[in-house]
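**Q** This is the structure I have questions about; it appears just below.
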Amino acid sequence: MSWLSKLQHRPSIQADTSARSDITTTALHGSQDDNRCLFQTFEWHTTSQPPPPNATHSPASHYARLTRLLPSLAAIGVTAFWLPPGCKANSPQGNGYDCYDLWDLGEFDQKWTRSTKWGSREELADLMGRCRELRLEVVWDSVLNHKTAGDGTQEAWAVEVDGEDRRVEICSPKKIEAWLRYDFLGRENEGMKYSPFKWRADHFNGIDWDQRAQKNAIYKLVDDPATYPKPQQQSDGDGGGGGMNRLARLAGKMKSAPPPRRPGKGWAEDVDDMHGNYDYLMFANVDFQHPEVRQDVLKWGEWMVQTTGVDGFRLDAVQHFSYNFTREWIARVRASSRQNLGRDAFVVGEIWTGEVERITKWLEVVGQGVYAYDSPLLYNFSRISEDVRTGSVNADLRTMIRNSLLETRPEAAVTLVANHDTQPGQASFTPMLASLKPLWYAFILLRQEGYPCVFWGDVYGTKGPKAEPPACTVDDGKRGRRSLIPDLMMARSIFAYGVQKDYWDAMSCIAWTREGRAGNGGCVVLISIGPAQDKKGQAKWTVKRMPFGRPGEVYVDLLANVGERAEVRIDEKGEGLFPCRGMSAGVFVRQDAPGIERFPVAFNQDAYGQ
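In UniProt numbering, the protein residues as written are 1 to 610.
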């Protein structure tokens with residue numbers, strides 16, 4: 001009796017043979033080119049030992065480490081690398097989201113270091129060169145919204161605003177002293193190399209610290225009130241709250257028209273409307289209404305393409321700066337990319353929200369061909385995970401793409417399971433059952449829609465106070481553990497092609513098939529959130545009958561260890577009974593398909609030991 005025949009005689013199996021009645025078919029998207037896979041090359045606590053100021057290279061820098069890791073990652077299907085923000089930060093160990101100087105990629109001795117945390121300009125050039133040799137694309141993480149660690153203070157007129165509604169001023173204009181003077185002394189010593197622009201108070205519209213008063217607040221920078229009169233306001237006893245009692249507003253008890261806008265300098269209007277106006281996020285907020293600012297940042301984007309050869313950009317916190325400037329910036333960068341690289345630059349924007357409309361609003365402004373991270377999909381993964389963890393009857397895989405970018409704008413969706421913002425200990429930490437991560441990775445990697453992004457921390461593990469080992473690990477059959485993520489990435493590279501048919505007919509188990517392309521026969525994928533065991537402790541399985549392949553062909557689950565793989569024989573009707581154990585994923589391919597000999601994938605997950 002075959003393994004599958006024995007399996008089907010177990011009483012704990014739930015046989016689901018109605019799948020054929022609910023099939024949706026989507027056309028093959030794009031060409032027969034290899035599938036793309038983006039890899040995030042860092043987590044929040046990635047360690048790096050960059051070269052000292054008197055050196056250009058260090059074997060322990062992250063850039064050097066990545067250069068060594070590139071071949072092994074390319075071998076499992078990575079086609080593009082998302083590098084961390086590599087501009088000079090406000091300290092030697094700053095991750096780059098605390099950006100100080102866009103034009104310093106680890107070249108100038110400023111902020112107590114020549115290199116960035118990630119490495120030197122020379123090491124970056126080595127990394128880029130190796131990517132070119134391996135035909136890998138590079139996506140640069142760009143922090144345009146704010147600056148940190150000014151070189152000196154300046155006086156500026158400002159008003160404090162309500163943190164819950166940044167349109168509401170809660171004091172009269174006053175002079176504050178803020179760290180808004182940027183001289184870039186390291187570049188200045190070399191003749192202001194690359195850009196002569198020095199930033200001053202006029203180039204910002206918000207700050208969170210008044211040095212003179214030693215006070216933390218959200219300050220909106222405004223024009224001298226002698227130049228521009230303050231807006232008409234109705235006194236309501238809340239310090240100038242714009243015609244609405246603050247406590248009532250916070251309690252949601254009252255509604256009123258938006259407070260009048262102060263003329264002249266202030267927040268950008270073309271940003272997300274959370275908190276009334278979400279231009280301000282943190283640190284010294286860049287004012288993209290200033291023409292000198294616009295020109296410098298536009299030139300920087302062109303310079304990055306021309307001098308480093310990056311293939312694309314990840315734009316940090318895009319809901320916090322002018323959508324129209326972003327559109328102009330993307331157009332300029334793409335024109336430069338076409339001229340220098342012969343193709344459009346890839347651009348993806350980051351917006352953390354569960355409301356997909358906020359993402360599509362940004363996409364509609366910035367132009368065609370731009371991507372965004374599908375944060376609503378990630379939150380759906382978390383929601384279903386929490387439903388499973390708590391035993392909720394609402395756990396339903398069929399709701400996975402509901403109100404996601406993958407549902408509304410699949411051509412613009414970069415899909416992900418986790419990143420540096422959602423890992424444990426971060427402000428945007430998103431809970432997710434570790435046992436379900438293989439399902440979510442199978443979903444983003446093996447489907448037709450979306451451009452999947454795999455997280456460094458899930459492949460290599462994370463460090464820091466809440467360190468975690470690599471995700472999605474299973475028994476390797478040799479008294480060790482191995483991760484399924486490299487297998488899923490390789491499966492995407494080899495098998496996940498062709499017309500897709502969905503079998504989304506049960507809350508706890510869904511499936512889809514990919515017809516494949518010439519020579520490999522495609523794949524059948526199942527994921528299940530059903531119980532892994534019955535009350536007697538026996539493995540519990542779901543079986544779906546699906547048409548696939550040709551009569552007599554045998555399909556095996558490539559995620560299992562050799563010798564433990566479930567086998568499915570296609571019957572005379574061209575159908576097979578495909579099994580999936582609860583709380584797991586199954587990926588079935590023809591047992592003689594070219595490439596199957598590469599599974600399980602041998603992959604070294606010790607990034608710091610290589």
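Every residue gets a Cβ at the ideal spot worked out from N, C-alpha and C, and that includes glycine. Note that the structure is a prediction, hence the values are computed from the model and not measured.
Checking the sheet assignment: what are the DSSP bridge partners for D606?
**A** Per DSSP, none; premise fails for D606.
**Q** For V587 and W456, I'd like the C-alpha separation in whole angstroms.
**A** Their Cα atoms are separated by approximately 23 Å.
**Q** Which residue wins for smallest C-alpha separation from G86, given the options L127, A55, A75?
**A** Measuring from the Cα of G86, the nearest candidate turns out to be L127.
**Q** Reducing DSSP to helix, strand and coil, say where M489 ends up.
**A** Three-state DSSP puts M489 in a helix.
**Q** Along the beta strand (DSSP E) that carries Q40, what are the first and last residues, could you check?
**A** Q40 -> beta strand (DSSP E) spans 38-40.
**Q** Beta carbon of S115, beta carbon of G106: below 7 Å?
**A** A contact, by the Cβ cut-off of 7 Å.
**Q** Run through DSSP, which three-state label would R481 get?
**A** In this structure, R481 counts as strand in the three-state DSSP scheme.
**Q** Kindly indicate which three-state DSSP category D34 falls into: helix, strand or coil?
**A** Note: D34 maps to coil in three-state DSSP.
**Q** Taking the Cβ atom as the reference point for each residue, do C580 and S528 lie within a distance shorter than 7 Å?
**A** In contact: C580 and S528 (Cβ atoms closer than 7 Å).
**Q** Got a sec? Which residues, its chain only, sit under 6 Å from Y194 by beta carbon, not counting five neighbours each side?
**A** Hits under 6 Å: W103.
**Q** Let me confirm a value: D487 is counted as buried when at least 16 other C-beta atoms fall within 10 Å, else exposed. Which label applies?
**A** Flag for D487 reads buried.
**Q** Which residue wins for smallest C-alpha separation from T79, given the options M490, P50, F603, K220?
**A** Ranking M490, P50, F603, K220 by Cα distance to T79 puts M490 first.
**Q** Under DSSP, the alpha helix (DSSP H) around W112 begins and ends at which residues?
**A** It is not in any alpha helix (DSSP H) - W112 carries neither H nor E in the DSSP assignment.
**Q** Would you decide whether R343 is buried or exposed? Buried here means 16 or more other CB atoms lie within 10 Å of its CB.
**A** Flag for R343 reads exposed.
**Q** Just reading off the alpha helix (DSSP H) that P438 is part of, what are its end residues?
**A** That run of the alpha helix (DSSP H) goes 437-446.
**Q** What is the rounded straight-line gap between the Cα of S428 and the Cα of A418?
**A** Between S428 and A418, the C-alpha separation is close to 11 Å.
**Q** Could you tell me the distance, in whole angstroms, from the CA atom of L134 to the CA atom of P71?
**A** Cα to Cα, the separation comes out at about 7 Å.
**Q** Ignore the nearest five residues each way along the sequence and tell me which others in W440's own chain have a CB closer than 6 Å to its CB.
**A** Excluding positions up to five away in sequence, the list reads F381, V417.
**Q** Label G96 either buried or exposed according to how many other C-beta atoms from any shown protein chain fall within 10 Å of its C-beta, with 16 as the threshold for buried.
**A** Classification for G96: buried.
**Q** Should the region 539-547 be regarded as contacting the region 465-485, the criterion being three or more beta carbon pairs within less than 8 Å?
**A** In short, these stretches do not touch, since the Cβ pair count stays below three.
**Q** Among the residues of its own chain, which have a CB less than 8 Å from the CB of I570, if the five just before and after it don't count?
**A** Around I570: F548, G549, R550, P551, G552, E553, V554, Y555, G576.
**Q** Starting from the Cα of L363, find the closest Cα among S392, S336, P410 and give me that residue.
**A** If we check each option's Cα against that of L363, P410 comes out closest.
**Q** Applying the criterion that 16 or more other CB atoms from any shown protein chain within 10 Å of the CB defines a buried residue, is D33 buried or exposed?
**A** By the neighbour-count rule (16 or more Cβ atoms within 10 Å), D33 is not buried but exposed.
**Q** Compute the beta-carbon to beta-carbon distance between G498 and G522, rounded to the nearest angstrom, for a pair I have assumed lies under 8 Å.
**A** At roughly 5 Å, the Cβ-Cβ gap stays under 8 Å, so G498 and G522 are in contact.
**Q** Counting only beta-carbon separations shorter than 7 Å, does Y373 have a partner in chain C?
**A** Of the protein chains in the structure, only one exists, and it is not chain C.
**Q** With N95 as the anchor, note down where its alpha helix (DSSP H) starts and where it stops.
**A** First-last for N95: undefined, no H or E at that position.
**Q** Look at the alpha carbon of Y63 and the alpha carbon of Q93, and state the distance between them as a whole number of angstroms.
**A** One C-alpha to the other measures close to 14 Å.
**Q** By DSSP's criteria, Q154 is part of a beta bridge. Which residues make up the other side?
**A** For Q154, which the question treats as bridged, DSSP gives the partners A178.
**Q** Over the uninterrupted beta strand (DSSP E) stretch that includes L315, give me the two end residues.
**A** 312-315 is the extent of the beta strand (DSSP E) around L315.
**Q** For a test of your reading of the model: does the CB of S142 fall under 6 Å from any non-hydrogen atom of the ligand GTP? Yes or no.
**A** Summarising the ligand content, the structure contains no ligands, and the ligand GTP is consequently not present.
**Q** Buried or exposed for K573, going by 16 or more other Cβ atoms inside 10 Å?
**A** Counting Cβ neighbours within 10 Å, K573 comes out exposed, since fewer than 16 surround it.
**Q** Can you tell me whether C131 is helix, strand or coil according to DSSP?
**A** Of the three classes helix, strand and coil, the one that applies to C131 here is helix, per DSSP.
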